[in-house]
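Data first, discussion second: the structure below is written as structure tokens.
Number of protein chains: 2
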Amino acid sequence: MTAPLVRAAVLMIGDELLSGRTQDTNLRTIAEFLAPLGVQIGEARVVTDEPAEISAAVNALRARYAYVFTTGGIGPTHDDKTADAVAAAFGVNIGVRADARAILEAHYGTTEINEARLRMARIPDGASLIANPVSKAPGFQLGNVFVMAGVPSIMRAMLEDVGKRIEGGAVVKSVTVRAKGVREGDLAAPLAALQKAEPDVSLGSYPWYQPPDGYGVHLVARSADEAVLARARDGMLAIARDLGVDGEVL
Amino acid sequence: MTAPLVRAAVLMIGDELLSGRTQDTNLRTIAEFLAPLGVQIGEARVVTDEPAEISAAVNALRARYAYVFTTGGIGPTHDDKTADAVAAAFGVNIGVRADARAILEAHYGTTEINEARLRMARIPDGASLIANPVSKAPGFQLGNVFVMAGVPSIMRAMLEDVGKRIEGGAVVKSVTVRAKGVREGDLAAPLAALQKAEPDVSLGSYPWYQPPDGYGVHLVARSADEAVLARARDGMLAIARDLGVDGEVL
Chain W
0 MTAPLVRAAV
10 LMIGDELLSG
20 RTQDTNLRTI
30 AEFLAPLGVQ
40 IGEARVVTDE
50 PAEISAAVNA
60 LRARYAYVFT
70 TGGIGPTHDD
80 KTADAVAAAF
90 GVNIGVRADA
100 RAILEAHYGT
110 TEINEARLRM
120 ARIPDGASLI
130 ANPVSKAPGF
140 QLGNVFVMAG
150 VPSIMRAMLE
160 DVGKRIEGGA
170 VVKSVTVRAK
180 GVREGDLAAP
190 LAALQKAEPD
200 VSLGSYPWYQ
210 PPDGYGVHLV
220 ARSADEAVLA
230 RARDGMLAIA
240 RDLGVDGEVL
Chain Z
0 MTAPLVRAAV
10 LMIGDELLSG
20 RTQDTNLRTI
30 AEFLAPLGVQ
40 IGEARVVTDE
50 PAEISAAVNA
60 LRARYAYVFT
70 TGGIGPTHDD
80 KTADAVAAAF
90 GVNIGVRADA
100 RAILEAHYGT
110 TEINEARLRM
120 ARIPDGASLI
130 ANPVSKAPGF
140 QLGNVFVMAG
150 VPSIMRAMLE
160 DVGKRIEGGA
170 VVKSVTVRAK
180 GVREGDLAAP
190 LAALQKAEPD
200 VSLGSYPWYQ
210 PPDGYGVHLV
220 ARSADEAVLA
230 RARDGMLAIA
240 RDLGVDGEVL
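Chains W and Z, in that order, give the protein sequences.
So that you can map any letter, position 45 of the first sequence is 44 in numbering that gives the first Met the number 0, and since no number is skipped, the others follow by simple counting.
So that you can map any letter, position 74 of the second sequence is 73 in numbering that gives the first Met the number 0, and since no number is skipped, the others follow by simple counting.
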């Protein structure tokens, strides 16, 4: 009997992600960090810096998933609205909190601390801080929502403090078989048959192209059950072999 | 009097985007393609290959935005469920359609066409096809929803056919000022003042780090009004100057 699946959502906040100015990488980082802890990402959203949008997304996602991870909008400038929006979503007050203020004062000193930087000490009532070893300004956890920075290096550092607080479930592992010179339309039928025979695995098929003439398919099996995964791997290799190619297990 | 803003949503479909296996780049491509046409992305979502998830997201987004652009899930394999899920969202029937079938038969010939490949000719009733010059299997438009491939090169090619059908509004342009050696906490107050003075511009602040010691901030102004944008640019340069650095307009 495997442990149950635990699913989380990621909420990425910031106009720059929607305008195309910034290429997000945080979703992938979070997914790869959580997978070995037994947490799968079930959904992700990207919203603007509009507080009502942030609050609505936080409430929709926290009701539905075991955990919600937000990125972005917790800096010192006027367009950083995440902390207030999360407080509003939970219906709690927010203000500059002594523990967060002490962290910032220790870092900036009394000469550099100012009203803008103190915005980063605004923490919703009832939240616990998330350590930021890179630039000190903390994130926070409120209920099942983890509020983190948007800058990838800072977000990644915050995950270390987040990881300890996660109660994961089954660890879903994956096996990829690379089949060169094979086309999806030719393996679809046997792959569907394999999926039917192995309902406890999730099978995906992803074509790849390497011009001028390299192409093929990555077959990916995902399951929390190692025995099932091994059977799926063998099945995927057999599909490639039946099409006349030696699949490579990645 | 500027034209009204037209906002769209992007819905990215596929387990591989949520597991961390695949790094999405389509959101940025779509945003950059639409911006000069006068369409801004207001929200994006990433969902699994689960049909109910896809349908629910399509219905939530199409009710709220002028256009919805989906990527992924229209290939020949069993995990490609987007076309059926979009048909279900609209409450219309779906089946192999003659025009789509003809495109696939012309491409694959009668020997290579098979049941799996014909899945790519399944088009919801009432939809119009979106041309795919790369691999032929068409996307489709149903109402205000554009259903495109997930493979970036194919998705990008489909946008050319999509672009003609878009009625955009105001074109939002942006100006970026790069201020080296400046920290967000030091410019937050004057930036907030500039935002207050120019409510028709959206001002964003994005710190950057180039270790070991390079750092600074990108100030970004976005507006559909060129005169407002020019004033915002001058204001951002003045903020940098007041902090002792020459901002660079990117």
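Note that the Cβ used here is the ideal one computed from N, Cα and C, for glycine as well.
By the three-class DSSP mapping on this structure, what secondary structure does Z/P151 have? helix
Z/T70 - partner residues in DSSP beta bridges: Z/M11 and Z/M147
Integer-rounded CB distance, given that W/V95 should sit under 8 Å from W/R121: Between W/V95 and W/R121 the Cβ distance is about 6 Å, and since that is below 8 Å, they are a contact.
Pairs of beta-carbons, one from the stretch 85-105 of chain Z and one from the stretch 54-63 of chain Z, closer than 8 Å: are there three or more? yes
Inspect the beta-carbon positions of W/T47 and Z/G41 and report whether they are closer than 9 Å. W/T47 places its beta carbon less than 9 Å from that of Z/G41.
Under the three-state DSSP convention, the category W/L249 falls into: coil
With DSSP as the reference, label W/H77 as helix, strand or coil. coil
Take every Cβ of the stretch 167-181 of chain W, pair it with every Cβ of the stretch 228-247 of chain W, and state whether three or more of those distances are shorter than 8 Å. yes
Give the interface partners of W/Y205 over in chain Z, defined as CB-CB distance under 7 Å, in chain order. Under the 7 Å cutoff, chain Z gives E15.
Amino acids of chain W, ordered along the chain, whose beta-carbon sits closer than 7 Å to that of Z/T47: Within 7 Å Cβ-Cβ: G41.
Can you name, in chain order, every residue of its own chain whose Cβ lies under 8 Å from the Cβ of Z/V38, other than the five neighbours on each side? V5, R6, A7, A65, Y66, I165, G167 and G168
For W/P211, is the classification buried or exposed, using 16 other Cβ atoms within 10 angstroms of its Cβ as the cut-off for buried? exposed
Would you decide whether Z/N25 is buried or exposed? Buried here means 16 or more other CB atoms lie within 10 Å of its CB. Buried is the call here.
Rounding to the nearest angstrom, what Cα-Cα distance links W/I29 and Z/L36 in this structure? Roughly 33 Å separates the two Cα atoms.
Does DSSP put W/Q39 in a helix, in a strand, or in coil? Here W/Q39 sits in strand by DSSP.
Measuring only the C-alpha atoms, how far is Z/S222 from W/A130? 36 Å
When W/K172, W/G184, W/E197 and W/A188 are compared against W/L249, the one with the closest alpha-carbon: Closest by C-alpha distance to W/L249, out of W/K172, W/G184, W/E197 and W/A188, is W/K172.
So W/A130 is in the alpha helix (DSSP H); what residue range does that whole segment cover? From DSSP, W/A130 is part of no alpha helix (DSSP H); its letter is neither H nor E.
Shorter than 9 Å from the beta carbon of W/I12 to some beta carbon of chain Z? no
Taking 9 Å as the CB-CB cut-off, is Z/T28 touching chain W? yes
Three-state secondary structure assigned by DSSP to Z/T21: coil
CB contact check: Z/T256 to chain W, cutoff 9 Å: With chain Z running from 0 to 249 in the structure shown, residue 256 of chain Z is simply not present.
Below 6 Å CB to CB, which residues in the same chain sit around W/A136 once its five sequence neighbours on both sides are set aside? Counting only Cβ-Cβ distances below 6 Å, and skipping sequence neighbours, we find M119.
Got a sec: which bits of the stretch 140-163 of chain Z sit with their beta carbon under 8 Å from any beta carbon on chain W, in order along the chain? Those residues of the stretch 140-163 of chain Z placed with their C-beta closer than 8 Å to a C-beta in chain W are V150 and S152, ordered along the chain.
So for W/T47, helix, strand or coil by DSSP? coil
Can you give me the C-alpha to C-alpha distance between W/M147 and Z/N113, rounded to a whole angstrom? Inter-residue distance for W/M147 and Z/N113 is about 48 Å (C-alpha atoms, whole angstroms).
Compile a chain-ordered list of the residues in the stretch 55-88 of chain Z whose CB is closer than 9 Å to at least one CB of chain W. A56, G74, P75, T76, H77, D78 and D79
Beta-carbon proximity of W/G246 to W/A196, cut-off 9 Å: Contact check for W/G246 against W/A196 fails: the beta carbons are separated by 9 Å or more.
Looking at chain W, is there any beta carbon in it that lies within less than 9 Å of the beta carbon of Z/R118? yes
Provide the residue span of the alpha helix (DSSP H) that contains W/V202, from first to last. In the sequence as presented, Val is not what sits at residue 202 of chain W; that position holds Leu. Taken as a continuous stretch (DSSP letters only), W/L202 belongs to no alpha helix (DSSP H), being part of the beta strand (DSSP E) at S201 to Q209.
Using only CA atoms, which one of W/L190, W/A156, W/A62 and W/Y214 lies nearest to W/S201? Comparing Cα-Cα distances from W/S201 to each of W/L190, W/A156, W/A62 and W/Y214, the minimum goes to W/L190.
Would you decide whether Z/K80 is buried or exposed? Buried here means 16 or more other CB atoms lie within 10 Å of its CB. Counting every other CB atom within 10 Å of its CB across the protein chains shown gives Z/K80 a total of 16 or more, marking it as buried.
Answer yes or no: do W/G13 and W/G149 have a C-beta to C-beta separation smaller than 9 Å? W/G149 sits close to W/G13, with the two beta carbons spaced by under 9 Å.
Presumed contact (8 Å Cβ cut-off) between Z/F32 and Z/G162, rounded CB distance: 7 Å
Spatial neighbours of Z/R100 within its chain, please: CB distance less than 7 Å, with the 5 preceding and 5 following residues excluded, ordered by chain position. L117 and A120
Select from the stretch 210-235 of chain Z all residues with a C-beta closer than 8 Å to any C-beta belonging to chain W, and list them in chain order. Listed by position, the residues of the stretch 210-235 of chain Z near chain W (Cβ gap below 8 Å) are V219 and R221.
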